[in-house]
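Down below is the structure, laid out as structure tokens.
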Amino acid sequence: MTGPVVGIDPSLTAAGIAVIRPPVGNPPRDAPEAVSVGTKGQSGAPVAVRAARIHDQTVRILHTMPADTRLVVIEALPPQIPGAHGMHAERAALWWQLVAYLSRQAIPVAEVAPTTLKKWATGHGRATKSQVVAAMRALWPHTTIRDDNQADALALATIGAQRIGWHTPAHDHHHTPNITWPEGAAS
Numbered sequence: 038m039t040g041p042v043v044g045i046d047p048s049l050t051a052a053g054i055a056v057i058r059p060p061v062g063n064p065p066r067d068a069p070e071a072v073s074v075g076t077k078g079q080s081g082a083p084v085a086v087r088a089a090r091i092h093d094q095t096v097r098i099l100h101t102m103p104a105d106t107r108l109v110v111i112e113a114l115p116p117q118i119p120g121a122h123g124m125h126a127e128r129a130a131l132w133w134q135l136v137a138y139l140s141r142q143a144i145p146v147a148e149v150a151p152t153t154l155k156k157w158a159t160g161h162g163r164a165t166k167s168q169v170v171a172a173m174r175a176l177w178p179h180t181t182i183r184d185d186n187q188a189d190a191l192a193l194a195t196i197g198a199q200r201i202g203w204h205t206p207a208h209d210h211h212h213t214p215n216i217t218w219p220e221g222a223a224s
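Plus 37 on top of the position in the sequence shown (first one is 1) and you've got my numbering.
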């Protein structure tokens, strides 16, 4: 496969999606693309409304991805926050719908823990959202990064691009992140 690498920070409200295409030229001329998609939910909505929202967000995310995607790197589900079961369950449903669809399409998917993403981006596994945004803006100065969702997605896509040999590590903390890679995720 020669298509792009996609990073996904899954969320119902504002999922970040970043696309890194195969490099062209020396140095590569194309900047990655980053977008956010989603809608606010309604607190206390009936289960059918919440299920429809999960489905609609899945479709929005998938329609944002190029058809010839070579690899997807997705942020793993964070641990459940006590008292927020509904939100966690809904985010998990979105996550699993995305992964199931991509698997059916034979698109390799790698999951990256939030702390691994932060450590790769900044050198610190407990970095703040603003620190990750700053690190990604410094790494990709020609890409517009509007929010932390896009920054996370761009970090994930860059990790994938690095794995397949399109991106050279810029910092020591960019080497060998602790990720289980699927078959087909190498150069």
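The beta-carbon is built from N, C-alpha and C at its ideal position, and this holds for glycine as well.
Original post:
In whole angstroms, what is the alpha-carbon distance linking Trp218 and Pro206?
Top reply: Mapped onto the sequence shown, residue 218 falls at position 181. Mapped onto the sequence shown, residue 206 falls at position 169. Those two C-alpha atoms are separated by around 18 Å.
Original post:
Among residues of its own chain, excluding the 5 on either side of Trp203, which ones have a beta-carbon nearer than 6 Å to its beta-carbon?
Top reply: Counted from its first residue, the sequence shown places residue 203 at position 166. Excluding positions up to five away in sequence, the list reads Pro60.
**OP:** Please state whether DSSP places Ser140 in a helix, a strand or coil.
**Re:** What you label residue 140 is simply residue 103 of the sequence shown in a count that begins at 1. DSSP places Ser140 in helix when its eight states are reduced to three.
**OP:** Taking only the alpha-carbon atoms, compute the straight-line gap between Ala194 and Trp157 and give it to the nearest angstrom.
**Re:** As a working mapping, residue 194 is identified with position 157 in the sequence shown. As a working mapping, residue 157 is identified with position 120 in the sequence shown. Taking the straight line joining both Cα atoms gives about 12 Å.
Original post:
Which whole-angstrom value is the C-beta distance of Ile91 and Glu148, which I expect to be below 8 Å?
Top reply: Counting from one through the sequence shown, the residue named residue 91 turns up at place 54. Counting from one through the sequence shown, the residue named residue 148 turns up at place 111. Actually they are not in contact, since the Cβ atoms of Ile91 and Glu148 sit about 19 Å apart, beyond 8 Å.
Subject >> Rounded distance between the beta-carbons of Gly75 and Ala51, thought under 8 Å >> reply: In the sequence shown, the residue the question calls residue 51 occupies position 14. In the sequence shown, the residue the question calls residue 75 occupies position 38. Their Cβ separation, rounded to whole angstroms, is 4 Å, which keeps Ala51 and Gly75 in contact under 8 Å.
**OP:** Taking the CB atoms as reference points, tell me whether Ala172 and Ala188 lie closer together than 9 Å.
**Re:** Within the sequence shown, the letter at position 135 stands for residue 172. Within the sequence shown, the letter at position 151 stands for residue 188. A contact, by the Cβ cut-off of 9 Å.
**OP:** Let me know the beta strand (DSSP E) ranges lying completely inside the segment 112–198, each 3 residues or longer, listed in chain order.
**Re:** 146–149
**OP:** Enumerate in chain order the residues of its own chain whose CB-to-CB distance from Trp132 is below 6 Å, with the five nearest sequence positions on each side excluded.
**Re:** As a position in the sequence shown, residue 132 is number 95, starting the count at 1. The residues are Pro47, Leu114.
**OP:** Note the first and the last residue of the continuous beta strand (DSSP E) segment covering Ile201.
**Re:** Position 164 of the sequence shown holds residue 201. Neither: Ile201 is in no beta strand (DSSP E) and is coded neither H nor E.
Original post:
Among residues of its own chain, excluding the 5 on either side of Thr39, which ones have a beta-carbon nearer than 8 Å to its beta-carbon?
Top reply: Within the sequence shown, numbered from 1, the residue matching residue 39 stands at position 2. Taken in chain order, the residues that qualify are Pro59, Asp105, Arg107.
**OP:** Can you say whether Arg200 is buried or exposed, counting buried as having 16 or more other CB atoms within 10 angstroms of its CB?
**Re:** Walking along the sequence shown from the start, residue 200 turns up at place 163. Classification for Arg200: buried.
Original post:
Looking only at its own chain, which residues have a Cβ that is under 6 Å from the Cβ of Ala130, when we skip the five neighbours before and after it?
Top reply: Sequence index remark: in the sequence shown, residue 130 carries index 93 (1-based). Around Ala130: Ile91.
Original post:
Got a sec, what are the start and stop residues for the alpha helix (DSSP H) Ile91 sits in?
Top reply: What you label residue 91 is simply residue 54 of the sequence shown in a count that begins at 1. Per DSSP, Ile91 belongs to the alpha helix (DSSP H) from 84–101.
Original post:
Helix, strand or coil: how does DSSP classify Asp46 here?
Top reply: In the sequence shown, counting from the first residue as 1, residue 46 sits at position 9. The answer is strand: DSSP assigns Asp46 an E or B state.
**OP:** In angstroms with no decimal places, state the Cα-to-Cα distance between Ala175 and Gly53.
**Re:** For the purposes of this step, residue 175 is taken as the residue at position 138 of the sequence shown. For the purposes of this step, residue 53 is taken as the residue at position 16 of the sequence shown. Going by the C-alpha atoms only, they are around 18 Å apart.
**OP:** Tell me, to the nearest whole angstrom, how far the beta carbon of Ile111 is from that of Val86; I am working on the premise that it is less than 8 Å.
**Re:** On the sequence shown, residue 111 is found 74 positions in, with the first residue counted as 1. On the sequence shown, residue 86 is found 49 positions in, with the first residue counted as 1. Actually they are not in contact, since the Cβ atoms of Ile111 and Val86 sit about 25 Å apart, beyond 8 Å.
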